[in-house]
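Chain order of the listed sequences is A and B.
Each residue of the first sequence is one higher than the last, beginning at 487 in the numbering used here.
Each residue of the second sequence is one higher than the last, beginning at 78 in the numbering used here.
Below: the structure, in structure tokens.
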Amino acid sequence: MTAPISKQDVAHVARLARLSLTDEELDQFTGQLGAVLDHARDVEALDTAGVPPTAHPLPIRNVYREDELEPALDRDEVLAQAPSVEDHKFRVPRILGEAP
Amino acid sequence: MTGPGHLRSAVDIAAAVRKGEISAAEVLERHLARVGAGESGVHAFNLVLTDEARRQAAAIDAAVAAGKDPGPLAGVPIALKDNLCTRGIPTTCSSRILEGWKPPYDATVVERLAAAGAVAIGKTNLDEFAMGSSTENSAFGPTRNPHDLERVPGGSSGGSAAAVAAGFAPVALGSDTGGSVRQPAALCGVVGVKPTYGLVSRYGLIAFASSLDQIGPFARTVEDAAAVLDAISGPDRRDSTSLREPPPLASERLKTGVDGLRIGVVSELAGAEGISPDVVARTREAAEALSAAGAKVEEVSVPAAMYGLSAYYLIAPAEASSNLARYDGVRYGLRVEGGPGADVTEMYLRTRSAGFGAEVKRRIMLGTYALSAGYYDAYYGKAQQVRTLIIRDFETAYRDFDILLGPTAPGTAFPLGAKTSDPLAMYLNDVCTIPSNLAGHPAMSVPFGTGDDGLPIGVQVLAPALGETTMFQVAAALEGAAPPLAEPGITEEAVR
């Protein structure tokens, strides 16, 4: 049996998923996720020894095309949808190191 | 041509427009008048495309005047779930994180509908990112059921189902990941179809759970649903999961009857705990009607179907947590900056925490947890094995039966707010529809009578992969045997 999900687990998972939670949200989500995971335990009783997993209903293959130039999305049209743009590029806050 | 303009079938409208008996413009105006009369109570739409639709309708009429055939859906107004990309037209997924975003391209289904002559009349409300069973998880407020405005329309394509039920459009598109077309169709008393996985291109459908999502039509008649499905299905090189083979024709055998077909009533679905006695009774009556029409009807067990819900609520959130990682405030939609000197991680945290609603956060965390080290095998891996067991059980059943029959939803439409604080109770609404998504098989809901509360009940017709032709054949027979469903009250008031 897997252990019930703890508040620490939920806080950790939220951080991994880039979500910040208030203490109230943390309590609420811990209870709700616990209930869903508890319900999911009915599959633990199923004998799945030797059963291959199905990740997808279709056999997926690579799709190839000829290496030819084709029209792409218009750069300005795409950048027009971005919240912050500079010099034809997406602008983001500092990622590494100290601000200059 | 008789009856109110907004209640004519899509097939009827297209025939009249192609012959020049009625203009696409007039058809559109009649439906826009319906929207004007009823939309404030129902809230089916996030956006009504009045100007764009008038331009499209005028183009159809110009084609007819020039002696050209505008296509099999000429002049048919269609409502589009607001998770289908429409070039230059806001597409929100009913989420704050995409508010104001205008896609730079059309979804393949949107292109195909335009090519068939259909007129997009609006973008419909949904549970945020198609996550939910009641359309209450929309950042823009809930949609209401046209049969009773105090009740939910079902979800997540509740806006599309309500639009068709209310007479705002004869047909609509939704997307079905765990039942999001069939379940609201049942609760709103309309036809709803989830096609075989890969039959309809997902290009331009904003992804929720990629191995389960499939676009499908809503309609008031089985024939209309078939006409829309035939217009949008078929290979698309822009979707690597699009089936390569020519699609089965949904409209091929609508008048053939069911004589000699072998139909299995799924005992687990018809008798499951939590399924209301009314729903079980209507399912039994539907089976008897098919038997009376010449089908060989028997009970059949699909044991693994009952484990579908558990597997689904591990697999779908796992895929969602990955698909929704793209909403980071960099390329489109909402951005919430951190304070001075804040780094990019701070921006991600603030943007995603402000942009996503509670249900989306819940599923992202559930999926992240199911995929995380130490839990992967116990949850995600096990769920994928259960998926195999479900497929095997269906394969066994389809050796003896052409079609399976069961309920669509466990009950009729429930009051707004009744299940919002209990996610598990909400998730249980999808128990009957989920197995087909996990297997990639087609299934559809057909209205069949009402509950003791007078609200619509849907019966579900399930078929093996690419079994659409037979599925629609059985659905048409069921439709013919179903007791007539009263028009939503809102329609009567608004017509006057």
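Virtual Cβ for every residue (Gly too), placed ideally from N, Cα, C.
Of all C-beta pairs linking the segment 444–452 of chain B to the segment 394–414 of chain B, three or more are shorter than 8 Å, placing the two stretches in contact. Spanning the alpha carbons of Lys-459/B and Ala-388/B requires a straight line of approximately 8 Å. For Val-463/B, a Cβ of chain A is located within less than 8 Å of the residue's own Cβ. DSSP places Glu-376/B in the strand class (E or B) of the three-state scheme.
When DSSP reads this structure, Ile-480/B sits in a beta bridge with Ile-340/B. Here the segment 478–498 of chain B lies against the segment 346–355 of chain B, with 3 or more beta-carbon pairs under 8 Å apart. For the pair of segments examined, the segment 458–475 of chain B was found to touch the segment 532–552 of chain A: the number of CB pairs separated by less than 8 Å reaches three. Pro-147/B is the residue among Gly-231/B, Val-377/B and Pro-147/B whose C-alpha sits nearest the C-alpha of Ala-91/B.
When C-alpha distances from Leu-124/B are compared across Leu-109/B, Ala-134/B, Ile-137/B and Ala-135/B, the shortest belongs to Leu-109/B. At a cut-off of 8 Å between C-beta atoms, Glu-563/A counts as an interface residue with respect to chain B. Short of 7 Å from the beta carbon of Arg-359/B, and not among the five residues preceding or following it, lie these beta carbons of its own chain, in chain order: Phe-525, Gly-526, Ile-534 and Val-536. Under the 10 Å beta carbon count, Asn-548/A is surrounded by fewer than 16 other beta carbons and is classified as exposed. Between Leu-250/B and Ile-292/B, the CB-CB gap stays under 8 Å.
Rounded to whole angstroms, the Cβ separation of Leu-306/B and Pro-294/B is 5 Å, and the two are in contact under 8 Å.
For Asp-528/A, the closest Cβ of chain B is nearer than 8 Å. Of the candidates Asn-514/B, Ala-151/B, Cys-509/B and Val-379/B, the residue whose Cα lies closest to the Cα of Tyr-274/B is Asn-514/B.
Close partners of Asp-560/A in chain B (Cβ separation under 8 Å): Pro-181. For Gly-269/B, the uninterrupted beta strand (DSSP E) run begins and ends at 268–271, by DSSP.
By the C-beta density criterion, Lys-575/A is exposed, having fewer than 16 other C-beta atoms within 10 angstroms. Rounded to the nearest whole angstrom, the CA to CA distance from Gly-517/B to Ala-542/B is 7 Å. With respect to Asp-477/B, Val-343/B sits apart: the two C-beta atoms are not nearer than 8 Å.
For the set Lys-271/B, Ala-242/B and Leu-161/B, the Cα lying nearest the Cα of Leu-289/B is the one of Lys-271/B. For Asp-495/A, a Cβ of chain B is located within less than 8 Å of the residue's own Cβ.
Residue environment: Ala-531/A is assigned as exposed (fewer than 16 neighbouring CB atoms within 10 Å of its CB, all protein chains considered).
Counting every other CB atom within 10 Å of its CB across the protein chains shown gives Glu-436/B a total of 16 or more, marking it as buried. The C-beta distance from Ala-216/B to Ala-238/B rounds to 19 Å, too long to meet the 8 Å contact threshold. Distance from the CA atom of Pro-561/B to the CA atom of Ser-522/B, rounded to whole angstroms, is 16 Å. In the DSSP assignment, the residues bridged to Ile-155/B are Ala-197/B and Val-248/B.
Boundaries around Leu-124/B are those of the beta strand (DSSP E), 122–125, since no alpha helix (DSSP H) includes it.
The beta-carbon distance between Pro-181/B and Val-499/A, rounded to whole angstroms, is 33 Å. This is too long to meet the 8 Å contact definition. Thr-534/A and Glu-116/B have their C-alpha atoms some 50 Å from each other. For His-525/A, the closest Cβ of chain B is nearer than 8 Å. Scanning chain B for C-beta atoms nearer than 8 Å to the C-beta of Ser-570/A yields Arg-412, reported in chain order.
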